[in-house]
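Protein sequence lines, in the order shown, are assigned to chains Z and V.
So the first sequence is numbered by our numbering: it starts at 595 and just counts up by one.
So the second sequence is numbered by our numbering: it starts at 595 and just counts up by one.
Number of protein chains: 2
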Amino acid sequence: MKIGIIGLGLIGGTIAKSLKNKHYISAYDLSENTLKFAKENDIINEAYNDIENFISDNEVFYICLYPKAIIDFISKYKNLFKKNSIIIEISGVKTYMVQEISKLNLENIEVVFTHPVAGSEKVGVFHSKAEIFKNANYVITPVKNNKKSSLDLVKSLAKEMRFKNISCVTPEVHDSMIAYTSQLTHVLSLSLVNSVYAISTELETNRFIGDSYRDLTRISKINEKLWPDLFITNKQELLKKIELFEIELRKFKDALIMNDVKKLENLMINSTSLRENMDRGNKNDS
Amino acid sequence: MKIGIIGLGLIGGTIAKSLKNKHYISAYDLSENTLKFAKENDIINEAYNDIENFISDNEVFYICLYPKAIIDFISKYKNLFKKNSIIIEISGVKTYMVQEISKLNLENIEVVFTHPVAGSEKVGVFHSKAEIFKNANYVITPVKNNKKSSLDLVKSLAKEMRFKNISCVTPEVHDSMIAYTSQLTHVLSLSLVNSVYAISTELETNRFIGDSYRDLTRISKINEKLWPDLFITNKQELLKKIELFEIELRKFKDALIMNDVKKLENLMINSTSLRENMDRGNKNDS
């Protein structure tokens, strides 16, 4: 199948690498360096800097741009797409995307809304690698006008890319869950790192860190061009999750203030058991 | 050199494995299974279940028990130790340990207070491995009665165990920094995991997690027999650090509520830069 990738960054490049052995992969990107690198390293079959030819030569597309850029792109070029074109959208927010795309009154294009729950703190095609998707989660949020055949195609491509759990949920469920598993997690990491200003110099801190601090702060290296949009377009859900976290933190603080060893133990027994179940669930699935 | 290890758990076992090629390692532990396993797997040279013989056969000891058990052990057996015995203490709190040990009025024993900033969410000698210490941080908090020769010995043993940064600071500086890098980090991880109760079932959550959630929650598997003591004996410092973290979290929430993209970007630019410096610092040191 001919597949066109719009935006060849970390995710676009990883999709290309994951599908190229079975499909003919074309890419469109504003950066000539990116296209040159991808062509020279055999990541794609064909590079386009001409948008009209790129669109008319393909019928199935992955659009791998930042959320607002996705809407701008489809809005600007929607009339270039052939009838029955499928655009697979891969951003980290769904309710907002579905709403905005529905305002565009697309006729020739069917958009399938999906979220590969995988990535890296690094950006660009240069860091893409097929391993990123292996055994990761893939969430699809079907909408009314999605054909069964299109959803089946998206699932089958996700399997080829070696995703493990492929789920279908509503955009609202997706946004609620991702606000917790991904967005809150990033907020905690960056707030932990930024606290260092009030505590000590970085240089001194370096001498006291272990693997725990290293692990919890890896994702504080965060793409400031992408994430503010993700947070703001899912603001209400994220605020709710931050508040639920604050309630848990408050429980811990109260137990500590009261020297309540039993309560502290129970909080730890709970978290240990939840995390062990998570490991077990993953193992059983594989 | 003959070295005695009191308590052959994860850390005691890792010390044994890290030093055995150059030293004669004995261990005392209440669990016969542990001693049997360590002897059969060649982790130690000699196993003791008789405390008197163990103490009289050695002059340098690592005491690898939980904080309160360290104090109880030394208090109970202090008269068995030969003159000029050295006990190297390895717990995660220092001000409290120094205070409590000083109350014991030790005559024959010199205690050197240290903290190998390394470990695992797993427990027991069965999970010990020398790699845990490789390139990790080691903090020594010297006290008045420590001889230079004893501190030099401890440093030299730490180097043999392949620790990278070996620092000397006051017990107070240690406790302030560890409250941030280690204790706060664990509190955030366990509170993040425990928040799941208010959000969804674990089963559903599993389908939405990526590496970020996996990384941030690894240490929520936490030993509830050890950590409440570490937290409570360093309570004031930990409470301060939780409050500094809450200030950072508040900054993020305010920016989000106000849709302040510029502010969100700046928080992310800061955290990215701090974390990149940390990586760079580590690389330069190695």
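Don't be surprised by glycine CBs; every beta carbon is placed ideally from N, CA and C.
Along the beta strand (DSSP E) that carries residue i, what are the first and last residues, could you check?
i, result
"V:I600", "K596 to I600"
"V:I680", "S679 to E683"
"Z:F655", "V654 to I657"
"V:Y622", "Y618 to Y622"
Please list, in chain order, all residues of the same chain as residue i whose beta carbon is under 6 Å from its beta carbon, the five residues on each side excluded.
i, result
"V:L858", "A849"
"V:E701", "none"
"Z:R756", "F727 and K728"
"V:Y732", "P710, A752, F757 and I760"
"V:K845", "none"
"V:L602", "A621, D623, T628, A632 and V719"
"Z:K670", "none"
"V:M595", "H617"
Check this for me: beta carbons of residue i and residue j, under 7 Å apart or not?
i, j, result
"V:E766", "V:T827", "no"
"Z:I638", "Z:A610", "yes"
"V:P736", "V:L745", "yes"
"V:I772", "Z:F825", "no"
"Z:T866", "V:I816", "yes"
"V:N788", "Z:E831", "no"
"V:V654", "V:I680", "yes"
"V:K716", "V:D823", "no"
"Z:R869", "V:S814", "yes"
"V:D873", "Z:R812", "no"
"V:M818", "Z:M862", "In the sequence as displayed, the identity of residue 818 of chain V is Glu instead of Met. It is a contact, given that the beta carbons lie within the stated cut-off."
"Z:L604", "Z:S714", "yes"
"V:I684", "V:C658", "yes"
"V:G804", "Z:A792", "no"
Can you give me the Cβ contacts of residue i inside the same chain, cut-off strictly under 8 Å, excluding the 5 residues immediately before and after it?
i, result
"V:N740", "E704 and V706"
"V:F839", "L778 and L782"
"Z:N635", "none"
"Z:W821", "H780"
Taking CB distances under 7 Å as the criterion, tell me whether residue i reaches chain V.
i, result
"Z:S880", "Any reading at Z:S880 needs caution, since the residue's pLDDT is 34, under 50, leaving its predicted position unreliable; the model's value is listed next. No, Z:S880 does not count as interfacial toward chain V."
"Z:Y807", "yes"
"Z:I863", "yes"
"Z:P661", "no"
"Z:L838", "yes"
"Z:R869", "yes"
"Z:V717", "no"
"Z:M771", "yes"
"Z:T866", "yes"
"Z:N731", "yes"
"Z:M595", "no"
Contact criterion: CB-CB distance below 7 Å. Does residue i meet it with respect to chain Z?
i, result
"V:V706", "no"
"V:T811", "yes"
"V:S612", "no"
"V:G804", "yes"
"V:K829", "yes"
"V:F883", "What the structure shows of chain V is the stretch from 595 to 880, and residue 883 of chain V is not part of that stretch, so it cannot be assessed."
"V:E818", "yes"
"V:S761", "yes"
"V:L782", "yes"
"V:R874", "no"
"V:M815", "Checking the sequence shown, residue 815 of chain V turns out to be Lys, not Met. Chain Z, which has a Cβ nearer than 7 Å to the Cβ of V:K815, makes this yes."
"V:N788", "yes"
"V:F720", "no"
"V:S685", "no"
"V:T775", "yes"
Which residue or residues does DSSP assign as beta-bridge partners of residue i?
i, result
"V:C762", "V:I734"
"V:A641", "V:A621"
"Z:E704", "Z:I680"
"Z:H709", "Z:V733"
In chain order, what residues of the same chain have a beta carbon less than 7 Å from the beta carbon of residue i, not counting five sequence neighbours either side?
i, result
"Z:I619", "I597, I599, A610, L613, I638 and N639"
"Z:A724", "T608, K611 and S612"
"Z:I836", "L778 and V781"
"V:K672", "L698, L700 and I703"
Beta carbon of residue i: closer than 6 Å to some heavy atom of the ligand FAD?
i, result
"V:L698", "For the ligand FAD, the structure offers nothing, since it holds no ligand at all."
Just curious, the alpha helix (DSSP H) that residue i is in, first and last residue?
i, result
"Z:Y807", "D805 to T811"
"V:Y671", "P661 to Y671"
"V:F839", "K829 to I851"
"Z:T775", "No alpha helix (DSSP H) holds Z:T775; DSSP gives it neither H nor E."
"V:E577", "Any answer about residue 577 of chain V is impossible in this case: the structure gives chain V only from 595 up to 880."
"V:G607", "L604 to L613"
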